[in-house]
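Asker: Below you will find the structure I want to go over with you.
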Ligand code: TRP
Ligand code: SF4
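Numbering (the numbering used here), first residue to last: 3 to 326.
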């Protein structure tokens, strides 16, 4: 039997090039070797989202981004977290074997608590427990994630160990799959391409919007005049050339260092290459968006297939925990 993969994304914005290069291309490739389950984690989004008026739109957008990029509902289960309510039951049960200390020490919790001091809700503390429930409800063994998620996966593994110890061997210990997750710098040069800020190029952006955002990006601050030599290694435009201009990337670095190329031309070149690379994905996205029922159908099929596995796991969990 193929190993099972599970991963999720929070529907707080449309997916950007950082997601595409880092996560989505990886998801697409994994479909060939694994049984993949990809989940839009709407409950997780609620831990930081107070205005939920755009939630349904974001869910729809992410699924469109995923399908356009080649995630295939014939091969993978694509579904929305809250459509399988068993995950919330498992979350509650797992909370009984999770020491509060583990959760309070998680770096992402401390960061978010600092970012939203007026909304340090109970759900935010339990975030990694819900993430664990996501993964083990489907007994997934491999979890493609970025480095920032490693502490969450470590908690998942510890919860699994505890559960198995206390109630008998039930869940496999999930392994992080860190293969190929490049760090993409945000266009404002301060952060990685952020989901919720406007320092990102989205999969759904038009070629014109792409050009506009690239032209507005921060480059090497040492290049104040056209003749100033540049430092490509600290320039986020250059780091994107690495992914979209691979055959020319050494030339670009040389021309930047010798001031043969100016930032304006360098950016135009990048925008062109991004637009060429993304064109098939964007065209597919436009075509799919014209069939509004399609996303709904994919998610309906996804929830059916996910529920079969979830129900089976919960029968076993309730038995093992003495609830039946
Ligand atoms: N916490 C993940 C993130 O912010 C999203 C997520 C939720 C997830 N459940 C998951 C990722 C399960 C992998 C597996 O990116
Ligand atoms: Fe960056 Fe290109 Fe300008 Fe060099 S020429 S600083 S790589 S934008």
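Note that CB positions come from ideal geometry on N, CA and C, so glycine has one too.
As the structure is a prediction and not an experimental result, all values here were calculated from the model.
1) Using the C-alpha atoms, what's the distance from residue 92 back to residue 64?
2) Short of 6 Å in beta carbon distance, which residues of its chain neighbour residue 308, apart from the five on each side in sequence? Order them along the chain.
3) State buried or exposed for residue 223, treating a residue as buried only when at least 16 other CB atoms are found within 10 Å of its CB.
4) Taking only the alpha-carbon atoms, compute the straight-line gap between residue 52 and residue 61 and give it to the nearest angstrom.
5) Would you kindly work out how many angstroms separate the C-alpha atoms of residue 300 and residue 322, rounded to a whole number?
6) Straight-line CA distance for residue 154 to residue 260?
7) Cβ of residue 46 within 7 Å of any heavy atom in ligand 1?
8) Which of helix, strand or coil does DSSP assign to residue 265?
9) Following a CB-centred definition, is residue 9 positioned closer than 7 Å to any heavy atom of ligand 1?
10) Taking residue 175 as the reference, which of 138, 228, 150 has the closest Cα?
11) Following the continuous beta strand (DSSP E) through residue 144, name the residue where it begins and the one where it ends.
12) Threshold first: 4 residues or longer. Then list the alpha helix (DSSP H) segments lying entirely within the stretch 19–48, N to C.
13) Let's test the definition: count the other Cβ atoms within 10 Å of the Cβ of residue 284 and tell me whether it reaches 16, buried, or not, exposed.
14) Unbroken alpha helix (DSSP H) runs of length 4 or more, entirely within the stretch 116–182: which are they?
15) State buried or exposed for residue 152, treating a residue as buried only when at least 16 other CB atoms are found within 10 Å of its CB.
16) At which residues does the beta strand (DSSP E) containing residue 7 begin and terminate?
17) Counting only the same chain and skipping the five closest in sequence on each side, list residues whose C-beta sits under 8 Å from that of residue 247.
18) Tell me whether the stretch 93–113 and the stretch 125–145 touch, counting them as touching only if at least three CB pairs, one residue from each stretch, are closer than 8 Å.
19) How close, in whole Å, do the beta carbons of residue 40 and residue 22 come, if the pair is a contact with beta carbons under 8 Å?
20) Apart from the five residues on each side of it in sequence, which residues of its chain come closer than 6 Å, Cβ to Cβ, to residue 198?
21) Taking just the CA atoms, how far does residue 66 sit from residue 291?
22) Looking only at its chain, what residues have a beta carbon closer than 6 Å to the beta carbon of residue 26, apart from the 5 residues adjacent to it on each side?
23) Taking the runs of the alpha helix (DSSP H) that are 4 residues or longer, which of them lie wholly in the stretch 53–89?
24) Would you report the Cα separation of residue 7 and residue 319, rounded to the nearest angstrom?
Answerer: Straight from the coordinates:
1) Translated into the one-based positions of the chain shown, residue 64 becomes position 62. Translated into the one-based positions of the chain shown, residue 92 becomes position 90. Computed Cα separation, rounded: 25 Å.
2) Against the chain shown, residue 308 aligns to sequence position 306. So the qualifying residues of the chain are 79, 81, 86.
3) The residue given as residue 223 occupies position 221 in the chain shown. Label assigned to residue 223: exposed.
4) Translated into positions along the chain shown, residue 52 becomes position 50. Translated into positions along the chain shown, residue 61 becomes position 59. Going by the C-alpha atoms only, they are around 16 Å apart.
5) Translated into the one-based positions of the chain shown, residue 300 becomes position 298. Translated into the one-based positions of the chain shown, residue 322 becomes position 320. Each residue's Cα considered, the two are about 33 Å apart.
6) Your numbering for residue 154 matches position 152 in the chain shown. Your numbering for residue 260 matches position 258 in the chain shown. For residue 154 and residue 260, the distance between alpha carbons rounds to 45 Å.
7) Here residue 46 refers to the residue found at position 44 when the chain shown is read from its first residue. Because some heavy atom of ligand 1 lies under 7 Å away, the Cβ of residue 46 counts as near it: yes.
8) Residue 265 sits at position 263 when you count from the first residue of the chain shown. Looking at residue 265 - three-state DSSP - the assignment turns out to be helix.
9) Mapped onto the chain shown, residue 9 falls at position 7. Yes, Cβ of residue 9 sits closer than 7 Å to a heavy atom of ligand 1.
10) The residue you call residue 175 lines up with position 173 of the chain shown. When only C-alpha atoms are compared, the closest one is 138.
11) Mapped onto the chain shown, residue 144 falls at position 142. Taken as a continuous stretch (DSSP letters only), the beta strand (DSSP E) holding residue 144 covers 144–146.
12) 27–32, 44–47
13) Taking the first residue of the chain shown as position 1, residue 284 is located at position 282. Label assigned to residue 284: buried.
14) 124–127, 129–139, 152–169
15) If you number the chain shown from 1, residue 152 lands on position 150. Result: exposed.
16) Taking the first residue of the chain shown as position 1, residue 7 is located at position 5. Start and end: 6–11.
17) By 1-based counting over the chain shown, the position of residue 247 is 245. Result list for residue 247: 254, 271, 272, 275, in chain order.
18) yes
19) Sequence index remark: in the chain shown, residue 40 carries index 38 (1-based). Sequence index remark: in the chain shown, residue 22 carries index 20 (1-based). Rounded, the Cβ-Cβ distance is 14 Å, inconsistent with contact.
20) Within the chain shown, numbered from 1, the residue matching residue 198 stands at position 196. Confidence at residue 198 is low in this model, with a pLDDT of 47, below 50, so its placement is unreliable and no value can be given for it.
21) Numbered from its first residue, the chain shown carries residue 291 at position 289. Numbered from its first residue, the chain shown carries residue 66 at position 64. Approximately 7 Å, taken between the alpha carbons.
22) Working through the chain shown from its first residue, we reach residue 26 at position 24. Excluding residues within five positions, the ones whose Cβ falls inside 6 Å are 71.
23) 57–70
24) On the chain shown, residue 7 is found 5 positions in, with the first residue counted as 1. On the chain shown, residue 319 is found 317 positions in, with the first residue counted as 1. If I take the Cα positions, the gap works out to 20 Å.
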